[in-house]
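Number of protein chains: 2
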Amino acid sequence: MMTKPSPMSHALRAWMDVFMHRSMRSWHVYVKTTGLTMPQFSILMQLHYKGACGMSEISEKFDVTAAAASQLAEKLVQGGYIERAEDPSDRRAKFIQLSPKGSDLIEAGIKERYRWMDEITSNLTAEEKGRVAGALRLLTEAAKNLEDSK
Amino acid sequence: MMTKPSPMSHALRAWMDVFMHRSMRSWHVYVKTTGLTMPQFSILMQLHYKGACGMSEISEKFDVTAAAASQLAEKLVQGGYIERAEDPSDRRAKFIQLSPKGSDLIEAGIKERYRWMDEITSNLTAEEKGRVAGALRLLTEAAKNLEDSK
DNA sequence: GTATAAAGTTTAGTCCACTTAACTAAAAAG
DNA sequence: CTTTTTAGTTAAGTGGACTAAACTTTATAC
Chain A
6 MMTKPSPMSH ALRAWMDVFM HRSMRSWHVY VKTTGLTMPQ FSILMQLHYK
56 GACGMSEISE KFDVTAAAAS QLAEKLVQGG YIERAEDPSD RRAKFIQLSP
106 KGSDLIEAGI KERYRWMDEI TSNLTAEEKG RVAGALRLLT EAAKNLEDSK
Chain B
6 MMTKPSPMSH ALRAWMDVFM HRSMRSWHVY VKTTGLTMPQ FSILMQLHYK
56 GACGMSEISE KFDVTAAAAS QLAEKLVQGG YIERAEDPSD RRAKFIQLSP
106 KGSDLIEAGI KERYRWMDEI TSNLTAEEKG RVAGALRLLT EAAKNLEDSK
């Protein structure tokens, strides 16, 4: 049996439904325009937010074998989206990072996501904008704290 | 050149980055546990939020050929996730809708998404919760208005 | 130093989504 | 009533992601 959600939960859920639906669709559309596949694009996103990393981290994060990670990376290197180099301190390990081309691609996608958010809020009053900003700061903080505590 | 984002934009963007990252990952993980592929799961989501629809709507929404839509639907029927029936008013057309099994699957996934949201806010004070609820209601309204005006 | 473990690659083969093209059947148009 | 359009399916074939298994190279353990 579910307990009835609080008014805040309800608001959070309603917002999430709208937000998820819309942003997943536009994300999907953008990836398609790039000509990359979803797994390829996801790796670029990972590199954008978390910086350079080794192959093993990729296979862990995306829950695929080392072979799969290696093959995906190879395609991204071929396409010029990432650069692959040997780790000087451990010559078995490679690390990959975004190339300028890959970086531009991801940044353009993120900007497109931001645009929608800005559009949404463009019709709010200054007072409303302040309230929204405050609330989202609270949520972001709370989310980060939760993440850290795990 | 980008103009510097307002404090509200900044808060919105920070929230979006954290939120998208986390919820996309957990969504991905959940889909994997179901044994379904992403396109299959997306169709179930569509049916959950928008209700029954015809094949042509599926191929439009997901931007694939009618053949692809038909094949995906066939697999979901085989798996028992959806039911397919003839439209009585136009016997060429079929419509598909979630079966109880499919419906349960999607609802469980959504509940899992909600759980994280509730966790996040569990450490806020009552006053903060109130502010968050109000702000999110504003955003949800604004998003819907924007959608309608297009 | 030799054995073992670890990081990554290559190969062969599977599964799935997807497309094009040919098809069936029903509705709409003339 | 015949023609054309519409809704959907089927079949054949392509390309990508994925895995398991065999392999190379470097680091670590004993």
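Protein chains in written order, with this note's numbering: chain A, 6 to 155; chain B, 6 to 155.
No residue lacks a Cβ here, since even glycine has one placed at the ideal position from N, Cα and C.
Mapping DSSP to helix, strand and coil, what is residue i?
i	result
B:Lys3	Missing from the structure shown is residue 3 of chain B; chain B here goes from 6 to 155 and no further.
B:Ala57	coil
A:Asp109	helix
B:Asp68	coil
B:Thr39	helix
A:Thr126	helix
A:Lys80	helix
B:Lys149	helix
A:Ser14	helix
A:Ser169	Residue 169 of chain A falls outside the range modelled here, since chain A spans only 6 to 155, and no answer is possible.
In chain B, what lies closer than 8 Å to residue i by C-beta?
i	result
A:Val137	Met13, Ala16, Leu17, Ala140, Leu143 and Leu144
A:Met60	Residues of chain B passing the Cβ test: none, with the nearest at roughly 19 Å.
Judging by CA-CA distance, which residue of the options is the nearest neighbour of residue i?
i	options	result
A:Ile48	A:Arg118, A:Arg27, A:Ala73 and A:Asp153	A:Ala73
A:Met60	A:Leu141, A:Gln83, A:Glu132 and A:Ile101	A:Ile101
A:Thr38	A:Asn150, A:Arg142, A:Ala57 and A:Ala113	A:Ala113
A:His15	B:Phe24, B:Leu141, B:Arg27 and B:Ser28	B:Leu141
B:Gly56	B:Glu88, B:His33 and B:Val69	B:Glu88
B:His53	A:His26, A:His53 and A:Thr70	A:His26
A:Lys80	A:Ser94, A:Arg97, A:Met43 and A:Asp95	A:Met43
B:Asp68	A:Gln76, A:Val82, A:His33 and A:Arg96	A:His33
B:Lys149	A:Pro12, A:Glu124, A:Thr70 and A:Leu143	A:Glu124
A:Pro12	B:Leu151, B:Ser154, B:Gly139 and B:Leu143	B:Gly139
Please return the same chain residues whose Cβ sits closer than 8 Å to the Cβ of residue i, not counting the five positions on each side in sequence.
i	result
A:Ser31	Glu117, Arg118 and Trp121
A:Tyr86	Leu41, Gln45, Leu49, Leu103, Ser104, Lys106, Gly107 and Leu110
A:Arg18	Pro10
A:Val137	Thr126 and Leu129
B:Ala147	none
Can you find the residues in the same chain that come closer than 7 Å, C-beta to C-beta, to residue i, ignoring five residues on each side of it along the sequence?
i	result
B:Glu91	Lys99
B:Tyr35	Gly114 and Glu117
B:Lys134	Thr126
B:Lys66	Gln51
How would you list, in chain order, the residues of chain A whose beta-carbon sits under 8 Å from the beta-carbon of residue i?
i	result
B:Ala147	Ile125, Thr126, Asn128 and Leu129
B:Ser28	Met21 and Met25
Just the chain A side, please: which residues come within less than 7 Å of residue i by C-beta, in chain order?
i	result
B:Val36	Correct list: empty, because the minimum Cβ distance to chain A is about 12 Å.
What in chain B is Cβ-close to residue i, meaning under 9 Å?
i	result
A:His53	Those do not exist, as A:His53 stays about 10 Å from chain B at its closest Cβ, beyond 9 Å.
A:Val23	Leu144, Thr145, Ala148, Lys149 and Glu152
Provide the residue(s) that pair with residue i in DSSP beta bridges, ordered along the chain.
i	result
B:Ile164	No information on residue 164 of chain B is available, as it lies outside the stretch 6 to 155 that chain B covers here.
B:Asp22	For B:Asp22, which the question treats as bridged, DSSP gives no partner whatsoever.
A:Asp92	A:Asp95
Looking only at its own chain, which residues have a Cβ that is under 6 Å from the Cβ of residue i, when we skip the five neighbours before and after it?
i	result
B:Ile63	Ala74
By the criterion of Cβ-Cβ separation under 7 Å, what are the contact partners of residue i in chain B?
i	result
A:Tyr119	Arg18
A:Glu133	Leu143
For a contact meaning CB atoms closer than 9 Å, what does residue i contact in chain A?
i	result
B:Glu112	Per Cβ cutoff of 9 Å: no residues; B:Glu112 is ~10 Å from chain A at best.
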